[in-house]
Each structure stands twice: as C-alpha cells, then as structure tokens.
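Below is one structure, written out as structure tokens; the observations come after it.
In this note's numbering, the protein residues as written are 981 to 1314.
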C-alpha cells in the first residue's frame, strides 16, 4: 500500500503537513515553515516564518501583505531537502508563479497540485505532468457539466458585442490576481490593440506581471477619464465593482464577468451580468480527468471542491481516492 510508505505526510484540515520537518503546504494559518503553491489568498497568507515558493509567488505575497521575511526562492525543477524530504516545484498553469509541490521520501512520491488548469494562458508557465504515487488535486469544477469553452472564443464574443454596440464600453469583471492579467493578454491575442483601462484595484498586480516579463500592452488608469472618452473602450475591474456606484460613471457599460462560474446562469443573474464569459483559471472536469489519466497515480486525494464526483470517477478507473475537506479553500471569483 502506498499509504504505508508515506507516514511522513499527513492531510490535516488546515493543510498538508510534514511532521518530521514541521512544514506545511498551503497552510490556512501562519506557521513556522510553509511551502506555498501560489499567491491567491486561500493558499498564501502573511505571517509565516520560512516560506518556500517561486520568486513570482513571493513577490505577489509581498505586494498583497507587505514585506515577508524568510522567503526561500525555488526555481521550477530546483530540488531542496527539508529534514529528509525532497521538495521541488513544477508549473501548475494557474497564475503567474503557480506551482505543484513534488515531495519525495522513502521511495514514495507525492505531488500537491495546488490550483491548476490545462487551458491556454499566455501569462504563466503551462501545467507540467509530474508522475507520482499520490496526486493531491483540487476539484473546484469537479462535475461533468463543467467543461469550459476555449477562452479565446469567449474573448472574441465579447469584442464582437462591443463593436456592435454604439455608444457603449465593455466592462469586464475579473479577479485582480491572475484572471485580470489573463483576460488582458487574451484581448491582445484577439487583436485588441487599443489601450485597456484599469480600475485602481487591479493596477498594482498588472504592474507586477509586467515587471516579471508578461506582455500586457498599454494600460491606463480609468480614474479621471471622462465618460465620453471611454466609448468603445475596454475597462477591467474586480467583480465587486460591477454593480458598485463606481461603474455608473461609465458610458452605458456592457457588463461582463470572466469566471468559470458563468456557466451557471443563476450566478450571472445574481451578479447582474449582461455578458457572461466562461473563462476559468481552474481545471474543468475534462482537464481534471485528463490529468489523472496522464499522471496515473496509485492514489488520489481531493483537497476541496465538488469532490464526490471525482472520487467516484477515480474508483471507476481503478484509482484509490478520498476527499480531504481542507478548510479555508474558497470558490473565489476565480
């Protein structure tokens, strides 16, 4: 049994724990030693002692929480040893700097995926298949109904709506870390060459992405720009701003939101979204199952999300699986 060989690792409600090293992967509370997969707030938190992460994740954490002492930068594929456990980071394809954590000891290999996706994203390194005995995966979209369309087609649909709408602008709600920058990059790939206007809440992280070599084109603050100058333009804002008083100053905005949850019409209606854009930074059902078939682990542990269906699917494909029900993992406006 694989479980007999990984007594050095435990799944606790607040994270994946390495008792011998007193280290945690993505702990939900500040700890002395943390290995962090990426910069979203349900995985990265301030206040840890030592932190192993990619340089990009450490930079994102500092931007969100202020300077964090104890950062230990790891390049993708670089291996270190923490109290007898071999640790390396590998691309997860989720956001800039996102990583899977490969852990090895006593001949057993465990990979903690963090959040990931397999879809095209010009703003981060693509997901890397890492063979292992135990694969610890998310299941945010772990139901067969969640098969996401190509993101480029969703962007093309949004631009077509804008071009057909006289006297309006396109307001896209997108999570400030990862989604906003991906949407901007996809707009550029879709042929949008004009300046893109930013809500103040997304400016800092867009600048951070640019500082790390991600091409986003010309970006301008929307603050202070007169409404008539925004006719025919694209504005990016956090989802919380879509129905805020702030948006009323825009010229008859086409209110869009980029999220995997836009497949659920009730969620779009609740948000007052006119143009739902199904663009997800999490793996859909087809991506989750494809990944498991490619990794072919002997066991699958599901951290959070719609875990029942994925655990059942694993059983049908001769993979032992169980749900961990980790706390503090959120369905962000991902």
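Every residue, glycine too, gets a C-beta built ideally from N, C-alpha and C.
Check: In or out: residue 1296 buried (at least 16 other Cβ within 10 Å) or exposed?; Outcome: exposed
Check: Could you round the C-beta distance between residue 1278 and residue 1113 to whole angstroms and report it? I think they count as a contact, below 8 Å.; Outcome: 5 Å
Check: What distance in whole Å lies between the Cβ atoms of residue 1080 and residue 1060, which are believed to be in contact at a cut-off of 8 Å?; Outcome: That belief does not hold up - the Cβ atoms of residue 1060 and residue 1080 are roughly 15 Å apart, past 8 Å.
Check: Rounded to whole angstroms, what's the CA-CA distance from residue 1129 to residue 1000? Just pull it up for me.; Outcome: 44 Å
Check: Return helix, strand or coil for residue 1153, following the three-state DSSP convention.; Outcome: strand
Check: So, do the segment 1160-1175 and the segment 1030-1039 have three or more beta carbon pairs nearer to each other than 8 Å?; Outcome: no
Check: Measuring only the C-alpha atoms, how far is residue 1230 from residue 1122?; Outcome: 37 Å
Check: Check residue 1068 in the structure and name its three-state DSSP category.; Outcome: strand
Check: Residue ranges of each beta strand (DSSP E) run of no fewer than 3 residues wholly in the segment 995-1025, ordered along the chain?; Outcome: 995-998, 1003-1005, 1013-1015
Check: Taking its Cβ as the centre, do 16 or more other Cβ atoms sit within 10 Å of residue 1158, making it buried, or is it exposed?; Outcome: buried
Check: From what residue to what residue does the alpha helix (DSSP H) around residue 1275 run?; Outcome: 1265-1275
Check: Distance check for residue 1145 and residue 1137, CA to CA, integer angstroms please.; Outcome: 12 Å
Check: Once you ignore the five residues that flank residue 1211 on each side, which residues in its own chain have a CB closer than 8 Å to its CB?; Outcome: 1147, 1148, 1149, 1231
Check: Please go through the segment 1032-1117 and give each complete beta strand (DSSP E) segment of 3 or more residues, from N-terminal end onward.; Outcome: 1051-1053, 1059-1062, 1065-1071, 1079-1085, 1088-1092
Check: Let's see if you can read the secondary structure: which residues bound the alpha helix (DSSP H) around residue 1199?; Outcome: Per DSSP, residue 1199 belongs to no alpha helix (DSSP H); it is in the beta strand (DSSP E), 1199-1201.
Check: Can you name the start and end residues of the beta strand (DSSP E) that residue 986 belongs to?; Outcome: Where residue 986 is concerned, there is no enclosing beta strand (DSSP E), given that its DSSP letter is neither H nor E.
Check: Between the beta-carbon of residue 1070 and the beta-carbon of residue 1096, is there less than 7 Å?; Outcome: no
Check: Could you check whether residue 1306 and residue 1284 sit closer than 7 Å to each other, using their CB atoms as the reference points?; Outcome: yes
Check: Within a Cβ cutoff of 6 Å, which residues of the same chain sit near residue 1024, ignoring the five residues on either side of it in sequence?; Outcome: 1016, 1041
Check: In chain order, what residues of the same chain have a beta carbon less than 7 Å from the beta carbon of residue 1090, not counting five sequence neighbours either side?; Outcome: 986, 989, 1083, 1112, 1113, 1114, 1116
Check: Cutting at 6 Å between CB atoms, please list the residues of its own chain near residue 1092, excluding the five before and the five after it.; Outcome: 996, 1005, 1081, 1116
Check: For a test of the three-state rule: what should DSSP assign to residue 1256, helix, strand or coil?; Outcome: strand
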